[in-house]
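Everything on this sheet refers to the single structure shown next.
Listed below in structure tokens is the structure:
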């Protein structure tokens, strides 16, 4: 059994090379809630609705919303309707934080946008009325240097917006350690307490739909979580998670079980937000434009802390904290919640 809550000695060297950004910001670092939806479909077509009002009502149920690529472009066929929906969402739910997608990656599998184009996209999303920018493919594995990341972050912050950064490895975007190819000078990250970090594919759909996956936890899960919790303590960056599953291949019972697994794990690590989405985030068949509603805890934030003290058992396959638990081994997923957990 391992107990976490204090920073491991092996990570102190990383902390020593980092500093918290103390610059003033027009953004308030307040958590609007914890319900996350990442949606790359067409907003006006969500769940086959017939009006923008119906679409806005669906999206306004969330606290964090990420919208897909190129909707910010005036020439996009759904640009105008998307702007109308964004405006209405914010009227229904003034606390919601909406983020517009920009691909930061450089490798062949990414958009490899010039920095001028990235800044133009940021400005267009700002004009669309979003709260911040979702910077996808932001890690070293997608060819993104620290200098490129920091320039994009500065462009976001200069517009008084928050950055929601997606990278497989948290150290790629938050550590100040030197990296020969992508951060040779050991530049500090420009991420600050107004920003967010996404743990994509947080859990795997283990033991569901005959997947053959023996555990919801990847091999490096425990190490990634320990690092992520440390960066949150040092930088104040909010930590959110999303996991994907094929909605069309899953029964309602399977989907609810997978959601509960994610909610329990989010509670263990006291994440700032969490959710599940269909494969490709509603952008492709057979899950195009689909959003499913799940029964979130109504008092999740009663258990929230930036410094969770959680325990790890079974070589990182079983995590617990204050009544939250997720055990996932071959043939078994077991989750639990505090006795005082409430649901609508």
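In mature numbering (1 follows the signal peptide of the UniProt record, and there is no 0), the protein residues as written are -28 to -1, 1 to 316.
Think of the CB as a built atom: it goes at the ideal place given N, C-alpha and C, for glycine as much as any other residue.
Source: prediction; values computed, not measured.
DSSP three-state call for residue 15: helix, strand or coil?
-> helix
Review point. Is the stretch 46 to 62 in contact with the stretch 23 to 31, if contact means three or more CB pairs nearer than 8 Å?
Key: yes
Requested in this report: Would you identify the three-state DSSP class for residue 30, choosing helix, strand or coil?
Outcome: helix
Quickly, what does DSSP pair residue 72 with across the bridge? List them, please.
39 and 105
key: CB of residue 112 within 8 Å of CB of residue 77, strictly   = Cβ distance not < 8 Å, so residue 112 and residue 77 don't count as in contact.
**Asked** Should residue 47 be flagged as near chain D, meaning a C-beta pair shorter than 8 Å?
**Response** The displayed structure is made up of one protein chain only, and chain D is not part of it.
Find the nearest neighbour of residue 52 within the set 266, 16 and 40, judged by alpha-carbon distance. Ranking the options by Cα distance to residue 52, first place goes to 16.
Under three-state DSSP, which class holds residue 163? coil
| query | Below 8 Å, can you find three or more Cβ-Cβ pairs linking the stretch 214 to 226 to the stretch 155 to 165? | reply | no
Worksheet entry | Limits of the unbroken alpha helix (DSSP H) element including residue 235 | 224 to 241
ask   = Which word fits residue 138, buried or exposed, when buried means at least 16 other C-beta atoms lie within 10 angstroms of its C-beta?
value = buried
- prompt: CA-CA distance, residue 316 and residue 266?
  reply: 11 Å
Residue from 250, 313, 290 and 151 with nearest C-alpha to residue 118: Ranked by Cα distance from residue 118, the first of 250, 313, 290 and 151 is 151.
**Message:** Suppose only complete runs of 3+ residues qualify. What are the beta strand (DSSP E) ranges in the stretch 104 to 150, listed by chain order?
**Reply:** Secondary structure in the stretch 104 to 150: the beta strand (DSSP E) runs of 3 residues or longer, each lying completely within the stretch, are 104 to 108 and 134 to 138 in chain order.
Ignore the nearest five residues each way along the sequence and tell me which others in residue -7's own chain have a CB closer than 7 Å to its CB. Note that residue -7 has pLDDT 39, beneath the 50 cutoff, so the model's placement of it is unreliable and the number below is only indicative. Contacts found: none.
Where residue 191 falls: helix, strand or coil (DSSP): coil
| message | Please tell me whether residue 99 and residue 300 are closer than 8 Å, where the distance is taken between their beta carbons. | response | No, the Cβ-Cβ distance between residue 99 and residue 300 is not below 8 Å.
Original post:
Whose CA, out of 11, 303, 305 and 296, lies closest to the CA of residue 311?
Top reply: 296
If you reduce the DSSP assignment to three classes, tell me which class residue 7 lands in.
strand
Exercise. In the stretch 236 to 315, which residue ranges form an unbroken beta strand (DSSP E) of at least 3 residues, counting only runs that do not cross its ends?
Worked result: 245 to 250, 283 to 285, 290 to 293, 296 to 301 and 304 to 308
Checklist entry - What does a CB cutoff of less than 6 Å around residue 41 pick up in its chain, not counting 5 residues either side in sequence? => result 73
*Exposure of residue 286, with buried meaning 16 or more beta-carbon neighbours within 10 Å*: exposed
- Query: Rounded to a whole number of angstroms, what is the C-alpha to C-alpha distance between residue 18 and residue 149?
  - Reply: In a straight line, the C-alpha of residue 18 is about 43 Å away from that of residue 149.
Presumed contact (8 Å Cβ cut-off) between residue 213 and residue 243, rounded CB distance: 5 Å
With a threshold of 7 Å on Cβ separation, who are the neighbours of residue 68 within its own chain once the five nearest residues in sequence on each side are excluded? 4, 32, 34, 35, 37, 61 and 62
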